[in-house]
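Going down the list, the protein sequences come from chains U and W. For the first sequence, our numbering gives the first residue as 111, with consecutive numbering after it. For the second sequence, our numbering gives the first residue as 38, with consecutive numbering after it. Don't be surprised by glycine CBs; every beta carbon is placed ideally from N, CA and C. Note that this is a predicted model, so its numbers are computed, not measured. First up is the structure itself, then whatever we jot down about it.
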Amino acid sequence: MIVGAGASGAAVAWRLAQAGFSVVCLEQGRWINPSLYPTDDKNWEILGRHEWNWDPNKRGNPEDYPVNDAESDISPLMFAAVGGSTIHWTAHTPRFHPSDFRVKSLDGVADDWPITYDDLDTYYDMNDMMMGCSGINGDPAVPPRSPRPMPPIPLGKDGAHMAAAFERLGWHWWPSDNYMNSMPYKGRDACNYCGRVGFGCTRKAKSSTDVNYWPEAVRLGAVVKTHARVSEITVGANGRATGANYFDRAGNAKHQAARSVVMAGNGIGTPRLLLMSKSDAHPDGLLNSSGLVGKNLMFHPYSITTGLIPDLSETWQGPMGNILMSQEFYETDPKRDFVRGYAYQMNRGTGPLGTALGGAHEPVTWGAGHHEDFSERFGHNVVLAGIGEDLPEEHNTVTLDDRLTDSNGLPAPKINYTLSENSRRLMDHSVKSATTVLREAGATRVMANPLLRSGGWHLMGTARMGDDPERSVVDQWCQSHDADNVFVVDGSVFVTAGAVNPTPTLQAIALRAADYIVHERDDLKG
Amino acid sequence: MPTSDRQLTDVDRVVMKRILDLIIPAVDDLPGAGGLGLAERVERGSMRYGRLRSGMLSILDAMTLDIASRVEGGFAALDEERQIASVKTVEADLPVQFSEFVELVYETYYTDSRVHERIGWVGRPPQPEGFDIGSWDPSILENARKREPFWRKVE
């Protein structure tokens, strides 16, 4: 049984179903017909701010659980549906670097992972083929790797303009790897560069697991139960999982029996459910003998630096975020006042409403200067998003709120997260360097936000992997130390965060865990 | 805090039309947001999202109650300079609600087809047409490929 039908749950379901395992997935959301996404609605910008908002607290659908983020410097973002947050992600998919798995050995901070880049290489490739990766080899910032199945997405005039600015400074840039179709792929259309990938893709050109892994898994016999909100992982007297209690769409309490449980509810949903699953065998919550469930929460802090470049126009044409990236400042440099580093992702402008409301910046001013301010921004705005490596700290936590509940009366997660001094310095540096590039590109005005509060796309670290049961929740195969038939395969298992979008890495980890189950845990086959 | 089911009065509507013109003034041959007749759409839009309606009512209450008690004829009778000063006072007193009200006004103004035409926006949803951004040109990587690999090796 898998809990959660998002990025990692889908990958595991496909691999296990392929190997003949009986798979059932409990998903609190629904299957969404891609034709329902708002990108072909004339009110698409308004819908994207409300019904299709990235933030579950603003969206407020019955299948969403609220999150108490009042004590967090960053608001978590997620989506409850078959496909999970791959429904609304931008599908920017760089890989971790080899160094990301060895930060303790290399830089003396945090911990090393129990696995290496090489352990995941095969699974990265497998995932790239399933999800559909567009990109090109030869990037000097990363190790050599297998060719992608599709060529890169075109840079567009604005992308080429920014690439030239990076080159004049002698700074690295490379076309972004992404899971968007630059050509028809596996029965899905090529992207037509509408740009609004964050609202879901009506053409299925942007990859999400509801249009790739899940159809294959279902064809192989996997079953997805939608509107199934799990309230507790049940255990026997021996402490091993026996299944899950859940509420169906009508609010009826039900039970799903299972030989094993794979947790794939994201870095907040998974610890929430583990903490809700208290029993005599697991009095502090399931898998929590180490006390680390819900601790070490990591986001990727984002800085947003926007340049207004008069030489560019119509920068709202093209994919919002899959253009180019720079990893010039990715690794630790002792000359800087922080350890580890950050990457840049170039983003484009947006529509009229998004521009007026400012995005990560102040809205366009009201009153006498309104039209001048709007005209300066609209169609001329180019964004460099700095994505920083967050380091794990035990005081950054997911706990259960004692008052806020979801629509089934289950406790909502409460987030306590404080941006570290290292991350703050790193973000400040990213703003400074981004300003340099944007000025080089001809920006006449630069707006900077050193920490995007509404930028908690990546949820990691709250059930970390490791060899020591006292310092970790799962082992290198994502199998829990406390109950050998419970696995955690989402971003919760990350030991550190790297400075790139985590989905290809968490999916590769999930596929590796599934292979372990297939080859080493035949007793779980049913 | 006003209840979100309160209905707008005629006075509210007069005040709102004027505030809309102050928030987004006329430009070129386009009237301000009030002159475009968007007050009714703002009101309708507020019915859809409770948070924004609450903000709108808070601002209208603050404007009408505060100014009407001090000036005969209320807010509408003030000259523009004093109207702007009054709106800025309310903005300072109720920053969250004012921000939500501006959000509602912008949602209405920047989804209007007349505005789209003036600013050169395509005036259609992104799909199904999408956009043409050219084709991938591998020669753009000629310089980037010259750089030696610089990723950090590990044991």
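Close Cβ partners of LEU265 of chain U (< 7 Å) along its chain, the five nearest in sequence each way excluded: ALA273, PRO285, ILE433 and LEU434
field: Interface flag, VAL252 of chain U vs chain A, CB-CB below 8 Å
entry: Chain labels in this structure do not include chain A; the protein chains are U and W.
task: Flag this pair as yes or no: are the beta carbons of SER118 of chain U and ALA368 of chain U separated by less than 8 Å?
output: no
Check: ARG563 of chain U C-beta below 7 Å from any heavy atom of the ligand SAM: This structure lacks the ligand SAM; in fact it carries no ligand of any kind.
message: So VAL508 of chain U and PRO523 of chain U are supposed to be a Cβ contact under 8 Å. How far apart are they, rounded?
response: 5 Å
query: Are the C-beta atoms of GLN164 of chain W and some chain U residue less than 8 Å apart?
result: yes
- prompt: Is PRO132 of chain W close to chain U, meaning its C-beta is less than 8 Å from at least one C-beta of that chain?
  reply: no
query: Would you say ALA478 of chain U faces chain W, with C-beta separation under 8 Å as the test?
result: yes
- prompt: Closest to GLY461 of chain U by CA distance: which of U:GLU155, U:TRP141 and U:PRO148 is it?
  reply: U:GLU155
field: Cα-Cα separation, GLY170 of chain U to THR528 of chain U
entry: 25 Å
- request: Identify whether GLU342 of chain U lies in helix, strand or coil by the three-state DSSP scheme.
  value: strand
task: Taking only beta carbons into account, state which residues of the stretch 297–308 of chain U come closer than 7 Å to chain W, listed in chain order.
output: ASN302, TYR303, CYS304, GLY305 and ARG306
- prompt: According to DSSP, which residues form a beta bridge with THR507 of chain U?
  reply: U:ASN526
TRP199 of chain U versus GLY139 of chain U - alpha carbon distance: 16 Å
- request: For ASN288 of chain U, name the three-state secondary structure that DSSP assigns.
  value: strand
- request: Return helix, strand or coil for PRO521 of chain U, following the three-state DSSP convention.
  value: strand
Contact check, LEU57 of chain W vs GLU80 of chain W, beta carbons under 8 Å: no
- prompt: Over what stretch of residues does the beta strand (DSSP E) that includes HIS365 of chain U continue unbroken?
  reply: 363–367
- request: Starting from VAL64 of chain W, find everything on chain U with Cβ-Cβ shorter than 7 Å and list it in chain order.
  value: HIS481
message: With a threshold of 7 Å on Cβ separation, who are the neighbours of GLY69 of chain W within its own chain once the five nearest residues in sequence on each side are excluded?
response: LEU57, ASP58, ILE61, PRO62 and ALA63
- prompt: At least one CB of chain U closer than 8 Å to the CB of ARG189 of chain W: is that the case?
  reply: yes
query: For VAL584 of chain U, does the three-state DSSP call read helix, strand or coil?
result: strand
- prompt: Do you know how far the Cα of ILE378 of chain U is from the Cα of LEU384 of chain U?
  reply: 10 Å
message: DSSP three-state label for HIS481 of chain U, please.
response: helix
- prompt: According to DSSP, which residues form a beta bridge with ALA495 of chain U?
  reply: U:ILE414 and U:GLN455
query: To the nearest whole angstrom, what separates the beta carbons of CYS588 of chain U and MET575 of chain U, a pair I think is in contact under 8 Å?
result: 7 Å
- prompt: Going by beta carbon distance, what residues of the same chain come within less than 6 Å of MET293 of chain U, once the five residues before and after it are set aside?
  reply: MET260 and ALA300
field: the stretch 536–544 of chain U / the stretch 481–496 of chain U touching (three or more Cβ pairs under 8 Å)
entry: yes
query: If you draw a straight line from the alpha carbon of PRO478 of chain U to that of VAL159 of chain W, how long is it in whole angstroms?
result: According to the sequence provided, residue 478 of chain U is Ala. The question's Pro does not apply to it. For ALA478 of chain U and VAL159 of chain W, the distance between alpha carbons rounds to 26 Å.
- prompt: Is the Cβ of GLY498 of chain U closer than 8 Å to any Cβ of chain W?
  reply: no
message: Excluding the 5 residues flanking TYR233 of chain U on each side, which residues of the same chain have their C-beta closer than 7 Å to its C-beta?
response: ALA618, LEU621 and ARG622
- prompt: How should MET84 of chain W be labelled, buried or exposed, when 16 other C-beta atoms within 10 angstroms of its C-beta is the threshold for buried?
  reply: exposed
- request: Report the residue from W:ARG90, W:PRO186, W:GLY87 and W:HIS153 whose alpha carbon sits nearest the alpha carbon of SER485 of chain U.
  value: W:HIS153
message: Can you tell me where the beta strand (DSSP E) holding MET435 of chain U begins and where it ends?
response: 434–436
message: Three Cβ pairs or more, each shorter than 8 Å: is that satisfied between the stretch 336–356 of chain U and the stretch 309–316 of chain U?
response: no
message: What would DSSP say about TYR234 of chain U, mapped onto helix, strand or coil?
response: helix
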